[in-house]
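Numbering (mature numbering (1 follows the signal peptide of the UniProt record, and there is no 0)), first residue to last: -15 to -1, 1 to 365.
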Amino acid sequence: MRLSIIAAVIPLAIAAPVVEPAPLLEARGSQAIPGKYIVKLKDSATIGIMEAQAKVSSTGHVYKNVIKGFSASLTKQELERLRNDPDVEHIEQDAIISIGSITQQPGATWGLTRISHRQRGSTTYDYDTSAGQGACVYVIDTGVDDGHRDFEGRAKQIKTFVSGTRDGHGHGTHCAGTIGSKTWGVAKKVSIFGVKVLEDSGSGALSGVIAGMDFVSSDKNSRSCPKGVVASMSLGGGYSATVNQAAARLQSSGVFVAVAAGNDNRDAANTSPASEPSVCTVGATDSADRRSTFSNYGRALDIFAPGTGITSTWLNNGQNTISGTSMATPHIAGLGAYLMTLEGVKAGAVCARIQALSTKNVITNVPAGTVNYLAFNGAT
């Protein structure tokens, strides 16, 4: 009897399934960075991040909040060793992410007038003068020129994950101005914090963008933002599961996350973080209420806002008029802060509130399956 029991157990042991290596996710639609990866640990990992890092020779960013993991330069041997570690959920190839192309053209602040009136053609921006007071907006971008006089001392560049500590491009400063500057801002009393994740060229790495989101998730707890916290992300690249996971975690941590749909005139489902369902994805319109020719579209979009010919702050106390879903997104980030202060809307409900307030079915050239909602602040 004893021998027969042992004999019966042996085949079961032999047939035990082999543990599959953790998935290796390739860069999709973005330029891969050779040899660099983002290692996502399981939430249930039995080892700490530092222990996992010790298994490789060259590490970069450490993520503790929006995801658990780190970025690293990996040899083939290190890559395979980590893929076979049971605590690793997946490994994703690091890739380039950027602000996308922008077009310079003449224009005025028509975007503000459009979001405060149901009908286009108005010449005034109607708003509550206390809007934004007590709320904070993190601009995850090329940085913010916080010395610009139009910020009235309410903007501060606080963190960088790339070379340089200031905005040497202008894109982040322009976005910040649309959010909350005195002249061009939607929420003119909001506090603005710059997080530089893109180089002065306008490009950066997925790993750096994740590091920026991870920082915001933690840093918000040290700031005085009683009315709420917003993150504005006018950037994007090819689809990235890890970037989407990080954006979702940032949103669920109590931050309203507004992201650009992208400027490729294609389905936003192919880009990140725009394709993440839990964030508020923003498409662009022009002054004639047409979908901007460059604006991405599709089921991933939640709202449209002015994005063609938008004037805002620029470097060295300047101003500039540019176009992109990058310009539409800060309208929504600012509107989110506006509604948080005036109505007490919580982060998780802001996008739905913006949709409910929006002007419906006035945008032309909107493909089937895409929302036809144009942002409105409810002031008139």
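Note that the Cβ used here is the ideal one computed from N, Cα and C, for glycine as well.
With H, G and I counted as helix, E and B as strand and the rest as coil, what does DSSP make of residue 394?
Residue 394 lies beyond the stretch modelled for the chain, which goes from -15 to 365, so this question has no answer here.
Paired residues, beta bridge with GLU77 - DSSP:
DSSP lists LEU10, ILE23 as the beta-bridge partner residues of GLU77.
So who's on the other strand from SER343, going by DSSP bridges?
As far as DSSP is concerned, SER343 takes part in no beta bridge.
Please tell me whether VAL129 and GLY157 are closer than 8 Å, where the distance is taken between their beta carbons.
Yes.
Residues bridged to residue 372 by DSSP?
The first residue shown for the chain is -15 and the last is 365, placing residue 372 beyond what the model contains.
By how many angstroms is the C-alpha of ILE177 removed from the C-alpha of ALA232?
Across the structure, ALA232 and ILE177 are spaced so that their CA atoms are roughly 19 Å apart.
Ordered along the chain, which non-local residues of its own chain (more than five positions away) have a Cβ less than 7 Å from that of GLY363?
Contacts found: LEU342.
Assigned secondary structure, PRO91 (DSSP; H/G/I helix, E/B strand, else coil):
Since pLDDT at PRO91 reaches only 40, below the 50 mark, its modelled position is unreliable, and the value read off the structure follows with that caveat. PRO91: coil per DSSP, three-state reduction.
If we count Cβ pairs, one from each stretch, closer than 8 Å, do we get three or more for the stretch 319 to 330 versus the stretch 206 to 216?
At 8 Å Cβ cutoff, the stretches touch.
Would you check if the distance between the CB atom of THR266 and the CB atom of ALA285 is smaller than 8 Å?
In this structure, THR266 sits near ALA285, with a CB-CB distance shorter than 8 Å.
If I measure Cβ to Cβ from GLU261 and keep anything under 7 Å in the same chain, skipping five residues before and after, which residues do I get?
The beta carbon of GLU261 sits closer than 7 Å to the beta carbons of ASN229, ALA232, ALA233 from its chain, once the five residues preceding and following it are set aside; these are given in chain order.
Would you identify the three-state DSSP class for TYR282, choosing helix, strand or coil?
Strand.
Other residues of its chain near VAL147: CB distance less than 7 Å, five sequence neighbours each side excluded:
Once the five neighbours on either side are set aside, the close Cβ partners of VAL147 are LYS181, VAL182, LEU183, GLU184, GLY189, GLY193.
What span of residues does the beta strand (DSSP E) with THR314 cover, start to end?
Premise fails: THR314 lies in the alpha helix (DSSP H), 310 to 328, not in any beta strand (DSSP E).
Give me the DSSP bridge partner(s) of GLN104.
None; GLN104 has no bridge partner.
Could you tell me how far apart the beta carbons of ALA57 and VAL41 are, in whole angstroms, since I believe they sit closer than 8 Å?
Contact flag correct, Cβ pair sits at about 5 Å.
Chain-order list of residues whose beta-carbon lies under 8 Å from that of PHE149 (same chain, five-residue window excluded):
Note that residue 149 corresponds to Gly in the displayed sequence, not to Phe. The beta carbon of GLY149 is closer than 8 Å to those of GLY128, LYS181, GLU184, ASP185 in its chain, skipping five residues each way along the sequence.
Is it buried or exposed for GLY223, if we count other Cβ within 10 angstroms and need 16 for buried?
When all chains shown are included, GLY223 counts as buried.
Identify which residue in THR94, ARG105, GLY138, PRO19 has its Cα closest to the Cα of residue 367.
Within the shown structure, residues of the chain are numbered from -15 to 365, placing residue 367 beyond reach of any answer.
For the pair the stretch 162 to 172 and the stretch 135 to 143, tell me if three or more CB-CB distances fall below 8 Å.
These segments touch.
Whole-angstrom distance between SER115 and PHE361, CA atom to CA atom
Answer to the nearest angstrom: the Cα atoms are 17 Å apart.
Given a threshold of 16 other Cβ atoms within 10 Å of its Cβ, counted over all protein chains shown, does MET198 qualify as buried or as exposed?
It counts as buried.
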